[in-house]
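For reference, the structure discussed in these notes is given below.
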Amino acid sequence: MLARTLSSWLRQALKWPSLEVAGLSRPKAGTSNETVIVTVRWADGGRRRDERLVVRIQPTGRQLFQHPDTIGEGRVLRAVAAAAPVPVPRVLAFEPDAGVVGSPFFVMSHVPGRVLSDIPSCHATGWLLDQTPAQRAALWDNGLRTLVDIGRIPVRGDLAFLWAPALGPTGLQQLVTATRHWFDWVRGGRDLDVLSRAMDHVERERPDHDDRTLSWGDARVGNMMFAPDGTVAAVLDWETPAVGPAEVDLGWWLMMDEFYSHGLGSPPLPGVPDEDAQVARWEGLIGRPARELTYYKLLAALRFAIVCARSTDISIARGVARPDTTMHTRNPAGLLLYRWLGEPVPDLAPEFTAMMARFARKRAGRTG
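Here you go:
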(Lines of atoms letter the chains of each structure in order from A and count residues from 1; the text may use other names and numbers.)
(Lines give C-alpha, C1' and ligand atoms only; values in the text may rest on other atoms or scores of the structure.)
Protein backbone atom coordinates (compact mmCIF):
# COMPACT_ATOMS: atom_id res chain seq x y z
CA MET A 1 0.00 0.00 0.00
CA LEU A 2 2.74 2.49 0.94
CA ALA A 3 4.63 1.76 -2.28
CA ARG A 4 1.53 2.47 -4.41
CA THR A 5 0.75 5.64 -2.47
CA LEU A 6 4.29 6.93 -2.80
CA SER A 7 4.41 6.06 -6.51
CA SER A 8 1.37 8.22 -7.19
CA TRP A 9 2.54 11.05 -4.94
CA LEU A 10 6.10 11.12 -6.29
CA ARG A 11 4.91 11.18 -9.92
CA GLN A 12 3.05 14.40 -9.19
CA ALA A 13 5.54 15.99 -6.80
CA LEU A 14 8.65 15.30 -8.89
CA LYS A 15 6.99 15.63 -12.31
CA TRP A 16 8.20 12.19 -13.42
CA PRO A 17 5.09 10.74 -15.16
CA SER A 18 6.43 7.21 -15.59
CA LEU A 19 7.83 6.85 -12.06
CA GLU A 20 7.14 3.68 -10.09
CA VAL A 21 8.41 2.58 -6.69
CA ALA A 22 10.32 -0.61 -7.44
CA GLY A 23 11.52 -1.32 -3.91
CA LEU A 24 11.01 -0.17 -0.36
CA SER A 25 12.84 -0.82 2.91
CA ARG A 26 12.81 0.49 6.46
CA PRO A 27 16.39 0.39 7.73
CA LYS A 28 15.56 1.99 11.07
CA ALA A 29 12.29 1.80 12.99
CA GLY A 30 13.01 4.78 15.20
CA THR A 31 10.83 6.84 17.48
CA SER A 32 12.05 10.24 16.29
CA ASN A 33 11.32 9.97 12.56
CA GLU A 34 10.56 6.91 10.48
CA THR A 35 13.03 6.52 7.63
CA VAL A 36 11.95 4.68 4.48
CA ILE A 37 14.32 4.07 1.57
CA VAL A 38 12.60 3.69 -1.79
CA THR A 39 14.02 2.66 -5.13
CA VAL A 40 12.21 4.50 -7.90
CA ARG A 41 12.25 3.59 -11.58
CA TRP A 42 11.27 5.76 -14.52
CA ALA A 43 11.91 6.23 -18.23
CA ASP A 44 14.22 9.03 -19.30
CA GLY A 45 14.46 9.51 -23.05
CA GLY A 46 13.62 5.89 -23.67
CA ARG A 47 16.14 4.62 -21.13
CA ARG A 48 15.18 3.09 -17.81
CA ARG A 49 16.66 4.79 -14.78
CA ASP A 50 16.75 3.69 -11.15
CA GLU A 51 17.39 5.97 -8.19
CA ARG A 52 17.20 5.63 -4.42
CA LEU A 53 15.31 8.23 -2.41
CA VAL A 54 14.76 8.64 1.31
CA VAL A 55 11.37 9.40 2.85
CA ARG A 56 11.30 10.89 6.35
CA ILE A 57 7.92 10.41 8.02
CA GLN A 58 6.90 12.20 11.21
CA PRO A 59 6.19 9.79 14.08
CA THR A 60 2.77 9.40 15.62
CA GLY A 61 1.88 7.98 19.00
CA ARG A 62 4.89 7.09 21.12
CA GLN A 63 7.50 9.61 20.04
CA LEU A 64 10.69 10.83 21.72
CA PHE A 65 9.99 14.52 21.34
CA GLN A 66 7.02 16.49 22.57
CA HIS A 67 6.55 18.42 19.33
CA PRO A 68 8.06 16.47 16.41
CA ASP A 69 8.39 18.56 13.26
CA THR A 70 9.53 16.58 10.26
CA ILE A 71 8.65 19.34 7.82
CA GLY A 72 10.81 21.68 9.90
CA GLU A 73 13.69 19.23 9.59
CA GLY A 74 13.38 19.32 5.81
CA ARG A 75 13.26 23.13 5.83
CA VAL A 76 16.47 23.23 7.85
CA LEU A 77 18.18 20.86 5.41
CA ARG A 78 17.25 23.08 2.47
CA ALA A 79 18.40 26.21 4.28
CA VAL A 80 21.72 24.66 5.31
CA ALA A 81 22.38 23.51 1.74
CA ALA A 82 21.91 27.08 0.53
CA ALA A 83 23.77 28.84 3.35
CA ALA A 84 27.00 26.97 4.01
CA PRO A 85 29.56 24.47 2.68
CA VAL A 86 27.90 21.73 4.73
CA PRO A 87 27.06 18.51 2.83
CA VAL A 88 23.44 17.48 3.40
CA PRO A 89 20.96 15.39 1.41
CA ARG A 90 19.03 17.34 -1.23
CA VAL A 91 15.40 17.85 -0.23
CA LEU A 92 13.15 17.14 -3.22
CA ALA A 93 9.61 17.64 -1.94
CA PHE A 94 7.45 18.12 1.17
CA GLU A 95 4.02 16.80 2.13
CA PRO A 96 2.54 18.57 5.18
CA ASP A 97 -0.84 16.83 4.77
CA ALA A 98 -1.06 13.85 7.12
CA GLY A 99 -3.75 12.31 4.93
CA VAL A 100 -1.34 10.92 2.32
CA VAL A 101 0.58 8.35 4.40
CA GLY A 102 -0.82 9.07 7.87
CA SER A 103 1.69 11.75 8.87
CA PRO A 104 3.63 14.64 7.30
CA PHE A 105 6.78 13.68 5.42
CA PHE A 106 9.45 14.90 3.07
CA VAL A 107 11.58 13.23 0.40
CA MET A 108 15.31 13.70 -0.03
CA SER A 109 18.14 12.26 -2.05
CA HIS A 110 19.95 9.14 -0.90
CA VAL A 111 23.63 9.84 -0.22
CA PRO A 112 26.03 6.90 -0.66
CA GLY A 113 28.60 6.35 2.04
CA ARG A 114 29.01 4.67 5.39
CA VAL A 115 28.23 5.58 8.98
CA LEU A 116 29.86 4.47 12.20
CA SER A 117 28.24 1.94 14.51
CA ASP A 118 26.34 3.33 17.51
CA ILE A 119 25.58 0.31 19.67
CA PRO A 120 27.79 -1.66 19.95
CA SER A 121 30.33 1.15 19.99
CA CYS A 122 32.23 2.00 16.81
CA HIS A 123 35.35 1.54 18.95
CA ALA A 124 34.44 -2.13 19.39
CA THR A 125 32.95 -3.15 16.05
CA GLY A 126 32.58 -2.08 12.44
CA TRP A 127 34.73 -0.47 9.81
CA LEU A 128 36.48 1.97 12.13
CA LEU A 129 38.54 -0.96 13.42
CA ASP A 130 39.97 -1.44 9.93
CA GLN A 131 41.22 2.15 9.72
CA THR A 132 44.75 3.20 10.60
CA PRO A 133 45.27 5.67 13.47
CA ALA A 134 46.01 8.37 10.89
CA GLN A 135 42.76 7.61 9.04
CA ARG A 136 40.77 7.75 12.29
CA ALA A 137 42.35 11.08 13.17
CA ALA A 138 41.43 12.40 9.71
CA LEU A 139 37.81 11.24 10.10
CA TRP A 140 37.42 13.11 13.37
CA ASP A 141 39.15 16.18 11.96
CA ASN A 142 36.83 16.23 8.95
CA GLY A 143 33.91 15.92 11.34
CA LEU A 144 35.12 18.83 13.46
CA ARG A 145 35.60 20.99 10.36
CA THR A 146 32.00 20.34 9.39
CA LEU A 147 30.80 20.99 12.94
CA VAL A 148 32.48 24.40 12.88
CA ASP A 149 30.93 25.20 9.49
CA ILE A 150 27.49 24.50 10.98
CA GLY A 151 28.25 26.68 14.00
CA ARG A 152 28.92 29.65 11.72
CA ILE A 153 25.48 29.60 10.06
CA PRO A 154 23.40 32.62 11.17
CA VAL A 155 19.75 32.07 11.98
CA ARG A 156 17.95 34.36 9.57
CA GLY A 157 16.04 34.13 6.31
CA ASP A 158 14.86 30.56 5.73
CA LEU A 159 16.04 29.58 9.22
CA ALA A 160 14.20 32.39 11.01
CA PHE A 161 11.32 30.05 11.86
CA LEU A 162 13.59 28.46 14.51
CA TRP A 163 13.62 31.70 16.52
CA ALA A 164 11.09 31.38 19.39
CA PRO A 165 10.95 34.69 21.30
CA ALA A 166 8.11 33.44 23.51
CA LEU A 167 10.66 31.09 25.14
CA GLY A 168 13.23 33.77 25.93
CA PRO A 169 15.28 36.70 24.59
CA THR A 170 18.30 34.59 23.51
CA GLY A 171 18.68 31.37 21.60
CA LEU A 172 20.28 29.62 24.56
CA GLN A 173 17.48 30.65 26.91
CA GLN A 174 14.95 29.44 24.35
CA LEU A 175 16.72 26.07 24.22
CA VAL A 176 16.83 25.74 28.01
CA THR A 177 13.15 26.70 28.31
CA ALA A 178 12.21 24.19 25.60
CA THR A 179 14.27 21.58 27.45
CA ARG A 180 12.31 22.30 30.65
CA HIS A 181 8.99 21.87 28.82
CA TRP A 182 10.18 18.62 27.25
CA PHE A 183 11.54 17.34 30.56
CA ASP A 184 8.27 18.09 32.36
CA TRP A 185 6.35 16.28 29.60
CA VAL A 186 8.57 13.20 29.89
CA ARG A 187 8.61 13.30 33.69
CA GLY A 188 4.84 13.43 34.00
CA GLY A 189 4.97 14.39 37.68
CA ARG A 190 7.51 11.71 38.65
CA ASP A 191 10.79 12.27 40.47
CA LEU A 192 13.50 11.45 37.94
CA ASP A 193 16.27 11.83 40.50
CA VAL A 194 19.49 13.13 38.94
CA LEU A 195 17.67 14.41 35.85
CA SER A 196 15.61 16.76 38.02
CA ARG A 197 18.73 18.12 39.71
CA ALA A 198 20.50 18.53 36.38
CA MET A 199 17.51 20.41 34.96
CA ASP A 200 17.57 22.81 37.91
CA HIS A 201 21.33 23.28 37.50
CA VAL A 202 21.06 24.01 33.78
CA GLU A 203 18.42 26.67 34.41
CA ARG A 204 20.26 28.22 37.35
CA GLU A 205 23.75 28.31 35.79
CA ARG A 206 22.84 29.28 32.23
CA PRO A 207 25.56 31.54 30.75
CA ASP A 208 24.69 34.92 29.29
CA HIS A 209 25.56 33.95 25.71
CA ASP A 210 23.38 35.47 23.01
CA ASP A 211 24.84 34.01 19.80
CA ARG A 212 22.12 33.66 17.16
CA THR A 213 23.59 30.79 15.16
CA LEU A 214 22.33 27.38 14.11
CA SER A 215 22.59 24.34 16.36
CA TRP A 216 22.42 21.00 14.55
CA GLY A 217 21.01 19.35 17.67
CA ASP A 218 22.33 15.79 17.37
CA ALA A 219 25.93 16.72 16.63
CA ARG A 220 28.02 13.58 16.63
CA VAL A 221 30.35 11.73 14.35
CA GLY A 222 27.84 8.85 14.18
CA ASN A 223 25.38 11.13 12.38
CA MET A 224 27.80 11.82 9.56
CA MET A 225 27.96 9.84 6.35
CA PHE A 226 31.56 9.34 5.22
CA ALA A 227 32.87 8.92 1.70
CA PRO A 228 35.55 6.28 0.96
CA ASP A 229 38.29 8.94 1.26
CA GLY A 230 37.17 9.85 4.79
CA THR A 231 35.55 13.16 3.92
CA VAL A 232 32.05 13.97 5.17
CA ALA A 233 29.52 13.04 2.48
CA ALA A 234 26.42 14.14 4.40
CA VAL A 235 25.31 15.44 7.79
CA LEU A 236 22.23 13.51 8.90
CA ASP A 237 19.47 13.61 11.55
CA TRP A 238 18.33 17.20 12.00
CA GLU A 239 15.26 16.47 14.16
CA THR A 240 16.25 18.86 16.97
CA PRO A 241 17.68 22.05 15.43
CA ALA A 242 17.87 25.10 17.64
CA VAL A 243 19.38 28.55 17.98
CA GLY A 244 22.36 29.17 20.23
CA PRO A 245 26.12 29.38 20.59
CA ALA A 246 28.30 26.94 18.66
CA GLU A 247 29.23 25.49 22.06
CA VAL A 248 25.79 23.84 22.22
CA ASP A 249 26.83 21.46 19.44
CA LEU A 250 30.41 21.16 20.68
CA GLY A 251 29.16 20.16 24.12
CA TRP A 252 26.90 17.51 22.55
CA TRP A 253 29.74 16.30 20.32
CA LEU A 254 32.10 15.84 23.28
CA MET A 255 29.42 14.26 25.47
CA MET A 256 28.52 11.78 22.74
CA ASP A 257 32.17 10.93 22.19
CA GLU A 258 32.34 10.04 25.88
CA PHE A 259 29.05 8.12 25.75
CA TYR A 260 29.91 6.01 22.70
CA SER A 261 33.37 5.11 24.00
CA HIS A 262 33.92 4.88 27.76
CA GLY A 263 30.16 5.05 28.41
CA LEU A 264 29.70 1.80 26.50
CA GLY A 265 32.83 0.21 27.90
CA SER A 266 34.98 0.71 24.79
CA PRO A 267 37.94 3.11 25.11
CA PRO A 268 38.63 5.21 21.99
CA LEU A 269 40.72 3.53 19.33
CA PRO A 270 44.25 4.78 18.62
CA GLY A 271 44.16 7.88 16.46
CA VAL A 272 40.85 9.21 17.78
CA PRO A 273 41.74 12.52 19.45
CA ASP A 274 40.97 13.01 23.13
CA GLU A 275 38.74 15.80 24.40
CA ASP A 276 41.53 18.32 24.95
CA ALA A 277 42.83 17.81 21.42
CA GLN A 278 39.34 18.14 19.92
CA VAL A 279 38.61 21.33 21.84
CA ALA A 280 41.94 22.83 20.78
CA ARG A 281 41.25 21.92 17.16
CA TRP A 282 37.72 23.36 17.33
CA GLU A 283 39.08 26.60 18.79
CA GLY A 284 41.67 26.84 16.03
CA LEU A 285 39.05 26.30 13.35
CA ILE A 286 36.43 28.68 14.73
CA GLY A 287 38.97 31.30 15.73
CA ARG A 288 38.11 31.85 19.39
CA PRO A 289 38.25 30.03 22.75
CA ALA A 290 35.45 27.66 23.69
CA ARG A 291 33.29 29.05 26.50
CA GLU A 292 31.72 27.33 29.51
CA LEU A 293 32.17 23.80 28.14
CA THR A 294 31.41 22.24 31.53
CA TYR A 295 27.95 23.79 31.30
CA TYR A 296 27.35 22.85 27.67
CA LYS A 297 28.42 19.25 28.21
CA LEU A 298 26.04 18.98 31.15
CA LEU A 299 23.22 20.49 29.09
CA ALA A 300 23.95 17.90 26.40
CA ALA A 301 24.02 15.02 28.88
CA LEU A 302 20.71 16.20 30.35
CA ARG A 303 19.03 16.34 26.96
CA PHE A 304 20.33 12.89 26.06
CA ALA A 305 19.28 11.54 29.46
CA ILE A 306 15.76 12.83 28.74
CA VAL A 307 15.85 10.87 25.46
CA CYS A 308 16.89 7.77 27.42
CA ALA A 309 14.13 8.25 29.99
CA ARG A 310 11.52 8.66 27.27
CA SER A 311 12.90 5.63 25.41
CA THR A 312 12.56 3.61 28.61
CA ASP A 313 8.91 4.63 28.94
CA ILE A 314 8.31 3.59 25.33
CA SER A 315 10.00 0.24 26.00
CA ILE A 316 7.77 -0.30 29.04
CA ALA A 317 4.65 0.55 27.01
CA ARG A 318 5.70 -1.99 24.37
CA GLY A 319 6.30 -4.68 26.96
CA VAL A 320 10.04 -4.75 26.30
CA ALA A 321 11.07 -3.40 29.72
CA ARG A 322 9.65 -4.01 33.19
CA PRO A 323 7.66 -1.18 34.81
CA ASP A 324 10.04 -1.20 37.80
CA THR A 325 13.19 -0.83 35.70
CA THR A 326 15.85 1.65 36.82
CA MET A 327 16.93 2.41 33.25
CA HIS A 328 15.26 5.85 33.39
CA THR A 329 18.32 7.18 35.23
CA ARG A 330 20.84 4.35 35.48
CA ASN A 331 21.98 4.41 31.87
CA PRO A 332 25.28 5.83 30.52
CA ALA A 333 23.78 9.30 29.97
CA GLY A 334 22.34 9.36 33.48
CA LEU A 335 25.65 8.21 34.92
CA LEU A 336 27.38 11.13 33.20
CA LEU A 337 24.99 13.46 35.02
CA TYR A 338 25.83 11.90 38.38
CA ARG A 339 29.54 12.24 37.67
CA TRP A 340 29.46 15.76 36.25
CA LEU A 341 27.29 17.00 39.14
CA GLY A 342 29.85 15.58 41.57
CA GLU A 343 27.50 12.96 43.01
CA PRO A 344 28.13 9.27 43.79
CA VAL A 345 27.79 7.28 40.57
CA PRO A 346 25.55 4.19 40.78
CA ASP A 347 25.93 1.05 38.69
CA LEU A 348 24.22 0.71 35.35
CA ALA A 349 20.74 -0.77 35.49
CA PRO A 350 20.96 -4.58 35.13
CA GLU A 351 18.52 -4.36 32.22
CA PHE A 352 20.85 -2.00 30.37
CA THR A 353 23.81 -4.31 30.90
CA ALA A 354 21.73 -7.24 29.64
CA MET A 355 20.63 -5.22 26.60
CA MET A 356 24.25 -4.47 25.72
CA ALA A 357 25.10 -8.16 26.01
CA ARG A 358 22.26 -8.99 23.59
CA PHE A 359 23.59 -6.44 21.09
CA ALA A 360 27.05 -7.97 21.36
CA ARG A 361 25.70 -11.50 20.77
CA LYS A 362 23.71 -10.36 17.74
CA ARG A 363 26.76 -8.63 16.31
CA ALA A 364 28.90 -11.72 16.90
CA GLY A 365 26.28 -13.86 15.16
CA ARG A 366 26.32 -11.62 12.09
CA THR A 367 30.09 -11.50 11.82
CA GLY A 368 30.97 -14.99 13.03
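For the sequence shown, my numbering assigns the number 531 to the initial residue and increments by one for each residue that follows.
Each residue gets a CB set at the ideal place from its N, CA and C atoms; glycine is no exception.
Owing to the predicted nature of the structure, the values given are computational and were not obtained by experimental measurement.
Close Cβ partners of residue i (< 6 Å) along its chain, the five nearest in sequence each way excluded
i, result
"V637", "L583, V585, L622 and A623"
"S639", "P619 and R620"
"L669", "G760"
"W782", "A749 and A830"
"E813", "P819 and A820"
"F889", "I649 and P650"
"S548", "W572 and A573"
"G643", "M755, F756, A757 and A763"
"T700", "D740"
N- and C-terminal bounds of the beta strand (DSSP E) containing residue i
i, result
"I482", "The chain is shown only over 531 to 898; residue 482 falls outside these bounds and no answer can be derived."
"A573", "E564 to D574"
"M638", "F635 to S639"
"S745", "T743 to S745"
Range of the contiguous alpha helix (DSSP H) that encloses residue i
i, result
"T761", "Unbroken run through T761: none, as it is neither H nor E."
"W715", "G701 to R717"
"H731", "V724 to R734"
"L658", "Unbroken run through L658: none, as it is neither H nor E."
"Y790", "Careful: Y790 lies outside any alpha helix (DSSP H) and carries neither H nor E."
"L540", "L532 to L544"
"E805", "E805 to I816"
"L866", "P862 to W870"
Contacts around residue i, its chain only, beta-carbon distance under 8 Å, and the 5 residues preceding and following it disregarded
i, result
"W546", "L540, V570 and W572"
"I816", "V678, G681, R682 and A776"
"I846", "R852, P853 and T855"
"D804", "P798"
"N563", "R586, I587, Q588, P589, P598, T600, E603 and E769"
"L784", "E805, Q808, V809, L823, K827 and A830"
DSSP-derived helix/strand/coil call for residue i
i, result
"V773", "strand"
"E822", "coil"
"A623", "strand"
"V964", "Not covered by the structure: residue 964. The range shown for the chain is 531 to 898."
"R556", "strand"
"R644", "strand"
"P684", "strand"
"E873", "coil"
"V551", "strand"
"M857", "coil"
"G898", "Note that G898 scores 48 on pLDDT, short of 50, meaning its location in the model is unreliable and no value can be drawn from it."
Assigned exposure category for residue i - 16 Cβ within 10 Å defines buried
i, result
"V850", "exposed"
"T655", "buried"
"L780", "buried"
"M786", "buried"
"G673", "buried"
"G718", "exposed"
"M531", "exposed"
"S651", "buried"
"H858", "buried"
"Q808", "buried"
"L689", "buried"
"D730", "exposed"
"P617", "buried"
"P862", "buried"
"A879", "buried"
"G793", "buried"
Cutoff 7 Å; reference residue i; Cβ partners in own chain excluding five residues on either side
i, result
"P771", "V606, L692, L744, S745, W746 and G747"
"L722", "A839, H858 and T859"
"L658", "L646, C652, R666 and L799"
"F635", "V585, R586, I587, Q588, T600 and E625"
Presumed contact (8 Å Cβ cut-off) between residue i and residue j, rounded CB distance
i, j, result
"L823", "P775", "Contact flag wrong, Cβ pair sits at about 11 Å."
"D671", "R811", "7 Å"
"S633", "Q704", "Not quite, the Cβ-Cβ distance comes to about 26 Å (not below 8 Å), so this is no contact."
"E873", "V724", "7 Å"
"V964", "Y826", "This structure leaves residue 964 out entirely; the chain is present only between 531 and 898."
"L832", "A728", "4 Å"
"V773", "T676", "About 19 Å separates the two Cβ atoms, so there is no contact after all."
"G752", "P663", "In fact, because the Cβ distance is near 19 Å, the residues do not count as touching under 8 Å."
Short CB-CB distance (under 7 Å) between residue i and chain B
i, result
"G801", "Here there is only one protein chain, and chain B is not present."
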